[in-house]
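To keep things clear, I will list the structure first and then write my remarks on it.
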Ligand code: NI
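Numbering (this note's numbering), first residue to last: 9 to 226.
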């Protein structure tokens, strides 16, 4: 099968899997990440096929929905790639990317030695956590996980470890400080850094307006 046919098959499969998600990790999120990954790759290089496979599968089974288990996603991705006949060397590269891309807490650095392909998929995923879409996804996720919108008595926490981040029950507004506002300075590629700038400003103006309304200021 040609690469384009394999991608087409994978798109169908991933879409089916993510169809009923209402946490902001739905098919449309994956589609945007896939599109961003292609745009970033057009400027920054990397193996396009690997990038597309990893982008399409990056949220196929996120640890957030499997009690923090980070092995489910990579395993599921591996299975799907096997069933569509992808060679094992390619599968291995894709699985490593899926293991590396997710955000694991404010004080947890990116893994060293990430490939250009991993950096591009990570940037694509992080761009979708910023701006208007990022805000919409944050509240959708918060609601689905039983988090409050905001509680002025609960301070944001800069998580020191992946485990502390995973079990956090912080209100959604705190998530801006615990993750979203940190992403601009953690982009890997110049292109994503550029796109992140405006989206970051948008987050800041949203917060400003939010507090104004919270305090019933006109
Ligand atoms: Ni994602």
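Cβ atoms here follow ideal geometry from the backbone N, Cα and C, with glycine treated the same way.
Remember, predicted model here, so these are calculated numbers, not experimental data.
Query	Result
Beta-carbon spacing of residue 137, residue 44 below 8 Å	no
Unbroken stretches of the alpha helix (DSSP H), 4 residues or longer, contained in the region 12 to 75	35 to 52, 56 to 65
Residue 170 - DSSP class collapsed to helix/strand/coil	helix
Residue 66 CB to nearest heavy atom of ligand 2 below 7 Å	The model on display carries ligand 1 but not ligand 2.
DSSP state of residue 134 mapped onto helix, strand, coil	helix
Bounding residues of the alpha helix (DSSP H) (the contiguous stretch that carries residue 96)	96 to 109
Cβ contact (3+ pairs, closer than 8 Å) linking the region 91 to 100 and the region 24 to 43	no
Contacting residues, own chain, Cβ-Cβ under 6 Å from residue 210 (five flanking each side not counted)	139
Residue 230 Cβ short of 7 Å to ligand 1 heavy atom set	Outside the displayed range of the chain (9 to 226) lies residue 230, so it cannot be described from this structure.
Span separating the alpha-carbon of residue 191 from that of residue 154	24 Å
Limits of the alpha helix (DSSP H) - the one that residue 84 falls within	80 to 91
Three CB pairs or more closer than 8 Å across the region 123 to 131 and the region 157 to 174	no
Residue 58 vs residue 23 beta-carbon contact at 8 Å	no
Alpha helix (DSSP H) segment containing residue 209, residue limits	198 to 222
Closest residue to residue 189 among 135, 220, 156, 161 (Cα-Cα distance)	135
Assigned exposure category for residue 187 - 16 Cβ within 10 Å defines buried	buried
Residue 103: CB within 7 Å of a non-hydrogen atom of ligand 1	no
Assumed close pair residue 128, residue 178 - CB separation to whole angstroms, cut-off 8 Å	In fact, because the Cβ distance is near 29 Å, the residues do not count as touching under 8 Å.
Limits of the alpha helix (DSSP H) - the one that residue 162 falls within	Segment: none, residue 162 is in no alpha helix (DSSP H) and carries neither H nor E.
Rounded separation between residue 204 and residue 149 - CA only	21 Å
Outcome for residue 145 when other beta-carbon atoms lying within 10 angstroms are tallied against a minimum of 16	buried
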